[in-house]
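For the sequence shown, my numbering gives the first residue as 5, with consecutive numbering after it. No residue lacks a Cβ here, since even glycine has one placed at the ideal position from N, Cα and C. Let me begin by presenting the structure, written as structure tokens, before commenting on it.
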Amino acid sequence: MKLLSDLPNNARYAIMVEPLWAVFGGAVLFYAPLYMKELGLNEVQMGIVNTTNMLVNFIFFLLASSITNKLGRRRTTFIFDMISWGIPMIVWALAQNFWYFFIAGIINGVVKVVAVSWYCLIAEDAENNKRSKIFGAIYVINSATGLFTLLSGIFVNKYGVVDTLRILYIAGAVSMVSMFILRNYLVKETKPGIELMKKHSNLTLFQGLREYFLIIPLIGKRKNLIIMTIIFILTNINLSFNFYQVIFLNEKLGFGKDIVALTPGVTAVVNIIFYLFFIPRLNKYMEEKKLTAALIICSLGSLILILMPQKSIFFLVLTFGILAVGNLCANTYRDSVYMNNLGEHEKADLYSAVQTITSLACIPAGYLAGLAYSLNPAAPFIIVVVLFITSAFLSTLLDTKKSQKLEL
């Protein structure tokens, strides 16, 4: 693929096989709230499931760096992807009540080991100016599968949420496992990964964990890392509150499930167009400035969502078009700015550290989001607007005049 020809092999191969995960992953994650609702869970129970998942996230983020450095980026990604997606997809397919989702959420929480190893696998051997392209491509692929989610909406409308989702979960399990095997065959261990595997070969997991705890305080020595960590926390908290978007559109704004299914389609089309034709034109601007603009756009889209008239398809398309651009740029430049501020051999340790801090801060968010929605359906999205505005303000404080890269 000519578009990806300037990227290192690991990043290129990871991008090429990503659709095998994203096609089904996007659909089942989008319909998950409705699926849970149909099987009898209320908003507070959904919040408990999400909070439990975040608690497990926190535990495995603590271990992620030690595991990744000992086993290597490639092997860690393969093993923990198989566990965290292959098993839960089957459990979700067979779900009957709250406890199925609770157990699947615990197993899926292991995925946060991959959140560290996979990012290192695709980013470590890449040049700084290529990382935004890598993260942008991954984000676009995941959102582009919204077109499949739109198609799934036809079957949801005809056969119901539960029957359709059970089939999607099973098909998704097969597709994801195939993707993990293929990707593991194609990619190679990164250069920093090889060096760190040698360094950690004689260390036990807990000895590696001890070294990891010694690294965490170093985040506080760099202004940019402190600010970016707070932005990570706030934007991840927003994911918990935005979990109720689909239910809000269906129950409170009066959109049918078939119309709600338009939103990932709109997101997909807008993201593809923006990534191909507009992102390249933004290269002349500093990534920190682009991050600020993206967070402001996200807050605007979230505000329009709250104020949207009932059953207005025009405002539905407008809102999710704005959110598509904002989220694409926010995720792309947030991850790129953070990675570019880390030393080449410390990415696993420091990225794991910030994710650990983030997951700890997010543990109560799932429950609080469910509670907020049960009290007032608009409340979660008001909180989202406030957090996006706060994140945008913080991003203006990033130091762009000198390198903040941290080498230990």
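Query                                                                                                                                                                                                   : Result
Which term fits Glu411, buried or exposed, when burial requires 16 or more other beta carbons within 10 angstroms of its beta carbon?                                                                   : Note that Glu411 has pLDDT 44, beneath the 50 cutoff, so the model's placement of it is unreliable and no number is given.
Just mark Lys294 as buried or exposed, buried being the case when its beta carbon has 16 or more other beta carbons within 10 Å.                                                                        : buried
Where do the ends of the alpha helix (DSSP H) carrying Leu375 lie?                                                                                                                                      : Ala369 to Leu379
Between which two residues does the alpha helix (DSSP H) holding Ile19 run?                                                                                                                             : Asn13 to Glu42
Work out the CA separation of Leu379 and Asn146 for me, nearest whole Å.                                                                                                                                : 32 Å
Put Asp339 into one of helix, strand or coil per three-state DSSP.                                                                                                                                      : helix
With a floor of 4 residues, list each alpha helix (DSSP H) that falls wholly inside the segment 89 to 150, ordered by position along the chain.                                                         : 91 to 97, 102 to 112, 116 to 127 and 132 to 148
Could you check what DSSP says for Gly76 in three-state terms: helix, strand or coil?                                                                                                                   : coil
Decide if the segment 284 to 292 is in contact with the segment 314 to 321; the criterion is three or more beta carbon pairs, one per stretch, under 8 Å apart.                                         : no
Answer yes or no: do Gly157 and Lys261 have a C-beta to C-beta separation smaller than 9 Å?                                                                                                             : yes
Identify, in the order they occur along the chain, each residue of the same chain with its Cβ nearer than 7 Å to the Cβ of Tyr337, setting aside the five sequence neighbours on each side.             : Ser136, Glu291, Lys294, Leu295 and Ala298
Which first and last residues belong to the alpha helix (DSSP H) in which Lys315 is found?                                                                                                              : Premise fails: Lys315 is in no alpha helix (DSSP H) and is neither H nor E.
Would you report the Cα separation of Ala119 and Arg79, rounded to the nearest angstrom?                                                                                                                : 13 Å
Nearest to Arg16 by alpha carbon, out of Ser399, Lys192 and Thr362?                                                                                                                                     : Lys192
Whether or not the segment 22 to 30 and the segment 150 to 164 are in contact is what I'm after, with contact meaning three or more pairs of Cβ atoms, one per stretch, closer than 8 Å; do they touch? : yes
Contact defined as beta carbons within less than 8 Å: I believe Leu38 pairs with Asn246. What is the distance between those atoms, to the nearest angstrom?                                             : Contact flag wrong, Cβ pair sits at about 15 Å.
Mapping the DSSP letters down to three states, classify Glu199 as helix, strand or coil.                                                                                                                : helix
Tell me whether the segment 118 to 134 and the segment 77 to 93 touch, counting them as touching only if at least three CB pairs, one residue from each stretch, are closer than 8 Å.                   : yes
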